[in-house]
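Beneath this line is the structure, given in structure tokens, with notes to follow.
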Amino acid sequence: MKLEEYQLMADQQRWHWWYSTKRAYLDQVLSTLKLPPSAKILDLGSGVGANFPVLRRFGQVEGVEQSTLGRQLSQKNHPEKVKAGDLNTLTLPKNHYDVITILDVLYHQAITDDTAVLRRALLGLRKGGYLIITDCAHPWLFGPHDEANMARQRYTLKELQSKVESAGGRVLRSSYLFGFSFPLFIMARVADRFSGKTSEDQARPGFLNTVLQSFGQIEARLLKIINLPAGSSILIVAKKK
Numbered sequence: 003m004k005l006e007e008y009q010l011m012a013d014q015q016r017w018h019w020w021y022s023t024k025r026a027y028l029d030q031v032l033s034t035l036k037l038p039p040s041a042k043i044l045d046l047g048s049g050v051g052a053n054f055p056v057l058r059r060f061g062q063v064e065g066v067e068q069s070t071l072g073r074q075l076s077q078k079n080h081p082e083k084v085k086a087g088d089l090n091t092l093t094l095p096k097n098h099y100d101v102i103t104i105l106d107v108l109y110h111q112a113i114t115d116d117t118a119v120l121r122r123a124l125l126g127l128r129k130g131g132y133l134i135i136t137d138c139a140h141p142w143l144f145g146p147h148d149e150a151n152m153a154r155q156r157y158t159l160k161e162l163q164s165k166v167e168s169a170g171g172r173v174l175r176s177s178y179l180f181g182f183s184f185p186l187f188i189m190a191r192v193a194d195r196f197s198g199k200t201s202e203d204q205a206r207p208g209f210l211n212t213v214l215q216s217f218g219q220i221e222a223r224l225l226k227i228i229n230l231p232a233g234s235s236i237l238i239v240a241k242k243k
């Protein structure tokens with residue numbers, strides 16, 4: 003991916019309803035956790051740093067990102083330190099972090115063993131620390147958009163829970179995300195399969211984006227008190243056993 007394409011992606015992550023809703027979910031989940039005042043937070047697969055503005059509200063944030071261009075853009079736009087690292091081989095300091103996030107990363111073709119990545123992350127957590135995971139749900143929805151984003155798979159909720167537990171984690175809560183847009187998501191994926199295109203590629207700032215952002219903010223507030231029964235993504239919050 004060229005620098006210009008990374009810049010376009012970084013710009014889209016600032017205004018697109020999907021990314022702003024994901025940040026709202028993250029904010030609500032973090033606000034429910036018992037964290038020390040200066041919590042040490044690590045974002046694995048931090049990309050261009052889109053989640054840093056939320057994470058820094060809760061502590062001192064670091065990132066790990068394999069892409070050189072991703073790190074360059076992150077450090078251009080955010081003060082957080084981002085280390086180069088391949089999550090398949092990365093070794094973290096043990097018992098060091100209060101929160102480790104893996105946000106829409108495990109699904110990627112570049113991840114060769116997702117359970118091993120989870121195991122390494124859990125080893126990096128302090129006693130009482132939290133692992134927060136989001137990823138794409140429902141294998142039957144796999145389509146052109148997943149292929150365009152170099153996805154290896156989509157997960158079932160039980161499958162991702164099982165992987166966390168087999169890696170040495172104890173699941174505290176699991177929920178679906180993006181329930182409000184799930185019917186639209188299904189219709190878009192069906193259309194994508196017939197057209198061979200990805201409807202998300204045509205997304206632009208505008209009225210529909212604003213409406214979906216509003217619904218996303220409402221659903222994020224619900225997530226603070228309940229787990230959502232349906233949606234196109236998965237949330238897992240876990241601790242080390």
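All you need for the numbering used here is the position in the sequence shown, starting with 1, plus 2.
For glycine and all other residues, C-beta sits at the position ideal for the given N, C-alpha and C.
C-beta atoms of Val-50 and Val-66 nearer than 9 Å:
No, the pair does not count as a contact, with Cβ atoms beyond the cut-off.
Short Cβ contact (9 Å threshold) for Leu-214 with Trp-17
The answer is no: Cβ separation not under 9 Å.
May I ask you to list the residues that DSSP assigns as paired with Gln-62?
Checking the DSSP bridge columns, you'll see Gln-62 partnered with Lys-42.
Return helix, strand or coil for Tyr-109, following the three-state DSSP convention.
In the structure shown, Tyr-109 sits in coil (DSSP, three-state: anything other than H, G, I, E or B).
Three-state class that DSSP yields for Ala-222 in the structure shown
In the displayed model, Ala-222 falls within a helix according to three-state DSSP.
Can you name the start and end residues of the alpha helix (DSSP H) that Gly-72 belongs to?
For Gly-72, the enclosing alpha helix (DSSP H) covers residues 70-79.
Please state the DSSP three-state secondary structure of Ser-168.
Here Ser-168 sits in helix by DSSP.
Assign Thr-23 to one of two classes, buried (16 or more other C-beta atoms within 10 Å of its C-beta) or exposed (fewer than that).
Looking at its Cβ environment, which holds 16 or more other Cβ atoms inside 10 Å, Thr-23 is buried.
So Ala-240 is in the beta strand (DSSP E); what residue range does that whole segment cover?
235-242 is the span of the beta strand (DSSP E), which, as asked, contains Ala-240.
Own chain residues within Cβ distance below 7 Å of Met-11, not counting five before or after
The residues are Val-50.
Looking at the structure shown, is Glu-161 part of a helix, part of a strand, or coil, going by DSSP?
Helix.
CA-CA distance, Gly-72 and Gln-9?
Taking the CA atoms as reference points, Gly-72 sits about 9 Å from Gln-9.
C-alpha distance - Asp-100 paired with Arg-128, whole-angstrom precision
Between Asp-100 and Arg-128, the alpha-carbon positions lie close to 6 Å from each other.
Distance between beta carbons of Arg-191 and Leu-230, contact taken as under 8 Å:
For a cut-off of 8 Å, the C-beta gap from Leu-230 to Arg-191 is around 19 Å, too long to register as a contact.
DSSP state of Ser-48, grouped into three classes?
Coil at Ser-48, not helix or strand.
Contact check, Ile-236 vs Ser-176, beta carbons under 9 Å
With respect to Ser-176, Ile-236 sits close: the two C-beta atoms are nearer than 9 Å.
Cβ neighbours of Val-107 in the same chain (closer than 6 Å, five flanking residues each side left out)
Once the five neighbours on either side are set aside, the close Cβ partners of Val-107 are Gly-47.
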